[in-house]
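Here the structure is laid out as structure tokens; the discussion comes afterwards.
There are 4 protein chains.
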Amino acid sequence: MRIGEALDAAGFAELAAEGVPYVGMLDVEVVHFREGEVLVRLPYRELLLRPGGTICGPAIMALADIALYGVALSHVGRVPLAVTTDLTVHFLAKPHPGALLGRARTLKAGKRLIIGECEVTAQPDAQPVAHVVGTYSVPPASGVDASAREA
Amino acid sequence: MRIGEALDAAGFAELAAEGVPYVGMLDVEVVHFREGEVLVRLPYRELLLRPGGTICGPAIMALADIALYGVALSHVGRVPLAVTTDLTVHFLAKPHPGALLGRARTLKAGKRLIIGECEVTAQPDAQPVAHVVGTYSVPPASGVDASAREA
Amino acid sequence: MRIGEALDAAGFAELAAEGVPYVGMLDVEVVHFREGEVLVRLPYRELLLRPGGTICGPAIMALADIALYGVALSHVGRVPLAVTTDLTVHFLAKPHPGALLGRARTLKAGKRLIIGECEVTAQPDAQPVAHVVGTYSVPPASGVDASAREA
Amino acid sequence: MRIGEALDAAGFAELAAEGVPYVGMLDVEVVHFREGEVLVRLPYRELLLRPGGTICGPAIMALADIALYGVALSHVGRVPLAVTTDLTVHFLAKPHPGALLGRARTLKAGKRLIIGECEVTAQPDAQPVAHVVGTYSVPPASGVDASAREA
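Printed below as a string of structure tokens:
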């Protein structure tokens with residue numbers, strides 16, 4: 000069902016940060032990127048702390064959104080206008096200061112909606128930090144393939 | 000059910016930003032703050048843009064989290080360890096570049112869990128941008144009131 | 000954006016129950032039905048009880064799903080293949096045995112997705128029981144209007 | 000952290016159905032029940048159909064709620080007043096008429112909140128049908144262990 004230019008880890012990393020300064024400053028690294036499975040890493044920085052010496056919620060949600068956006072694009076390629084439709088976060092534990100991993104996988108890759116889940120864990124001990132489910136809407140393709148995609 | 004020091008708009012604004020640099024840089028203003036109802040404003044900055052000339056999702060989620068955290072603290076006062084348990088965001092439309100408002104109200108103020116909803120709209124035309132529901136967990140009080148709170 | 004035959008309260012009540020026996024046995028009444036706003040009522044029956052003398056969660060979720068499905072169809076008319084994409088329920092209080100009301104309204108009526116929220120309250124005192132957000136997917140229209148709908 | 004009488008598959012099956020007639024008529028079978036992992040099965044019945052020849056959403060949600068409630072009780076034992084706090088369902092595909100499985104596991108087993116996820120699949124081919132995340136609130140224990148549980 001690919002409709003855009005194919006992406007690899009480097010291409011997705013660039014896309015995720017480019018032109019989104021508030022997200023780009025997280026310096027998220029794309030560790031793995033393949034169809035239906037994306038692993039991203041949020042390096043530790045003092046910028047991310049909140050009282051109690053833990054990582055703030057908005058940074059955790061941003062990390063998961065990047066991972067899930069990656070999973071969506073892993074199916075359809077470079078479609079910049081794919082957008083988050085809904086995101087549900089359950090916070091499981093407050094991580095100690097340190098890097099976080101976001102591991103996302105596809106739950107459903109439909110023609111119009113792609114649904115994924117992401118587990119956020121803390122390094123080095125893989126402590127569960129958050130569980131996130133998200134839906135991404137893929138715009139109808141322009142051009143000759145549009146009718147096929149709606150089938 | 001108040002268990003901490005009372006908060007007003009200025010006190011909550013300070014609490015929301017202090018020691019959370021990644022959130023503090025959003026410069027969120029607390030417009031109204033009273034029990035069960037909090038209105039916050041995210042001023043427009045280029046930092047928040049994403050491709051397509053719209054405000055990035057993580058900034059919208061951060062705004063709603065602040066508003067809902069405010070609603071939770073409006074019931075219990077200064078309880079820094081109140082934490083987000085879950086947050087569900089539905090994105091409704093991509094706002095044009097400009098300021099956003101987050102208007103949160105209480106759905107339930109229980110002894111241990113406070114649930115609220117937040118509507119995010121764009122200024123100046125009040126275009127709906129996102130709808131958010133969140134749950135906040137209030138830790139058991141320490142000291143003499145603990146048993147009463149668990150009743 | 001209507002694409003199906005128009006519906007009124009009686010037409011929607013019939014559609015909601017017909018051919019769905021497990022839902023039909025709830026005997027849900029459609030009190031109001033107009034574009035963007037639907038009010039439904041779940042009469043009290045012992046069938047719905049759970050231990051503690053309160054209404055069971057699955058009946059509350061079914062009521063909200065009906066109300067939200069009604070809101071979706073209020074925009075597009077009789078489109079039987081409109082389906083629930085996601086549903087997020089927050090339970091606020093355990094109702095006493097009695098009838099429940101589900102009041103749903105539109106948050107977004109897009110071309111492909113309709114998002115609504117529903118407040119479930121208990122009669123006679125309007126006690127808040129649950130808050131629900133749901134997304135409904137509207138299939139692409141067949142026939143001459145298909146391309147217009149995707150614009 | 001056990002606070003109630005221990006449960007096994009038979010004990011949980013009885014508890015899930017007893018006194019909840021609207022859920023009991025689903026005849027859900029408890030296939031596996033051990034700490035942190037519960038597998039339940041919804042046998043096919045015409046009662047569950049909706050137009051299009053698929054299983055209705057409320058039955059799918061009820062199945063997931065049972066599985067997740069089981070996961071919560073697998074940690075704390077027989078605590079009838081444990082209640083669902085929130086439930087988020089994403090529907091992935093419409094199952095063909097047939098039995099459904101709900102496989103739930105623990106995401107977090109806290110002192111006051113237990114969070115789990117449940118994958119609903121269709122038999123015989125394990126087609127993914129729905130993904131569900133739920134939170135269950137465990138009431139403070141009465142008696143001598145209450146203070147310990149709040150630690």
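Chains as they are written, first to last, in our numbering: chain A, 0 to 150; chain B, 0 to 150; chain C, 0 to 150; chain D, 0 to 150.
Beta carbons: idealized from backbone N, C-alpha and C, even for Gly.
Predicted, not measured: the structure shown is a model, and the values here were computed from it.
query: I need the boundaries of the alpha helix (DSSP H) containing tyrosine 68 of chain C, first residue and last residue.; result: 56-75
query: Taking threonine 87 of chain A as the query, report the chain B residues whose CB atoms sit under 8 Å from its CB, ordered along the chain.; result: Asp85, Leu86, Thr87 and Val88
query: At which residues does the alpha helix (DSSP H) containing leucine 14 of chain D begin and terminate?; result: 8-16
query: Quick check on aspartate 64 of chain A: buried or exposed, where buried means 16 or more other Cβ atoms within 10 Å of its Cβ?; result: buried
query: Locate the beta strand (DSSP E) running through proline 127 of chain D, then write down its first and last residues.; result: 126-136
query: Would you mind stating whether tyrosine 135 of chain A and alanine 71 of chain A have Cβ atoms separated by less than 7 Å?; result: yes
query: With a cut-off of 7 Å, does the C-beta of valine 119 of chain D fall near any C-beta of chain A?; result: no
query: Give me the Cα-Cα distance between proline 138 of chain D and glycine 109 of chain D, rounded to the nearest whole angstrom.; result: 12 Å
query: So is leucine 6 of chain C buried or exposed if we call it buried at 16+ other beta carbons inside 10 Å?; result: buried
query: Spatial neighbours of alanine 66 of chain C within its chain, please: C-beta separation below 6 Å, excluding the five flanking residues on both sides.; result: Val37, Val39, Gly101, Ala103 and Cys117
query: Aspartate 64 of chain D versus chain C: which residues are under 7 Å apart at the beta carbon?; result: Gly56 and Pro57
query: According to DSSP, which residues form a beta bridge with alanine 108 of chain A?; result: A/Ile113
query: Mind checking if glycine 18 of chain C is an interface residue toward chain D, Cβ cutoff 7 Å exclusive?; result: yes
query: When the cut-off is 7 Å and only beta carbons count, does alanine 92 of chain B lie next to chain A?; result: no
query: Excluding the 5 residues preceding and the 5 following alanine 98 of chain B in the sequence, name in chain order all residues of the same chain whose CB lies nearer than 7 Å to its CB.; result: Arg40, Leu41, Pro42, Tyr43 and Gln122
query: For histidine 95 of chain A, tell me which candidate among A/Pro79, A/His130 and A/Ile59 has the shortest Cα-Cα distance.; result: A/Ile59
query: Counting only Cβ-Cβ distances shorter than 9 Å, please list the residues of the stretch 99-123 of chain C near chain B, keeping chain order.; result: Leu106, Lys107, Gly109, Ile114, Glu116 and Glu118
query: Check whether the Cβ of valine 132 of chain C lies closer than 7 Å to any Cβ atom in chain B.; result: yes
query: Just checking my contact of threonine 87 of chain D with valine 131 of chain D at CB under 8 Å: how many whole Å lie between their CB atoms?; result: 7 Å
query: Starting from valine 19 of chain A, follow the alpha helix (DSSP H) in both directions and report where the run begins and ends.; result: From DSSP, valine 19 of chain A is part of no alpha helix (DSSP H); its letter is neither H nor E.
query: Alpha carbon to alpha carbon, how far is glutamine 126 of chain D from histidine 89 of chain D?; result: 14 Å
query: Would you kindly report the start and end of the unbroken beta strand (DSSP E) that includes leucine 85 of chain D?; result: Checking the sequence shown, residue 85 of chain D turns out to be aspartate, not leucine. Taken as a continuous stretch (DSSP letters only), the beta strand (DSSP E) holding aspartate 85 of chain D covers 82-90.
query: Assuming contact is defined by CB atoms lying nearer than 7 Å, are glutamate 4 of chain A and glycine 76 of chain A in contact in what I supplied?; result: yes
query: Residues of the stretch 42-53 of chain A in Cβ contact with chain B at a cutoff of 8 Å, in chain order, please.; result: Glu45, Leu46, Leu47, Leu48, Arg49, Pro50 and Gly51
query: Using 7 Å as the threshold, is the C-beta distance between cysteine 177 of chain A and valine 19 of chain B below it?; result: Only positions 0 to 150 of chain A appear in this structure, which leaves residue 177 of chain A out of reach.
query: Does the beta-carbon distance from aspartate 26 of chain C to aspartate 85 of chain A come in below 7 Å?; result: no
query: Could you name the residues of the same chain whose beta carbon sits closer than 7 Å to that of glutamate 17 of chain D, not counting the 5 residues immediately before and after it, in chain order?; result: none
query: Based on the DSSP secondary-structure assignment, which residues constitute the bridge partners of valine 37 of chain D?; result: D/Phe32 and D/Ala103
query: Who are the Cβ neighbours of alanine 92 of chain B in its own chain at under 7 Å, not counting the five residues just before and after it?; result: Gln126, Pro127 and Val128
query: Which residue wins for smallest C-alpha separation from methionine 24 of chain D, given the options D/Pro50, D/Ala61 and D/Ala8?; result: D/Ala61
query: Can you grab the Cα-Cα spacing for the pair valine 78 of chain D / leucine 14 of chain D, in whole Å?; result: 10 Å
query: To the nearest angstrom, report how far apart leucine 106 of chain C and isoleucine 113 of chain C are at their CA atoms.; result: 8 Å
query: Consider the Cβ of tyrosine 135 of chain A: report whether some Cβ of chain B lies at a distance smaller than 7 Å.; result: no
query: So, with DSSP's three-state summary, where would you put leucine 25 of chain B?; result: coil
query: Looking at the strands, I want to know which residues DSSP matches up with glutamate 118 of chain B.; result: B/Arg102 and B/His130
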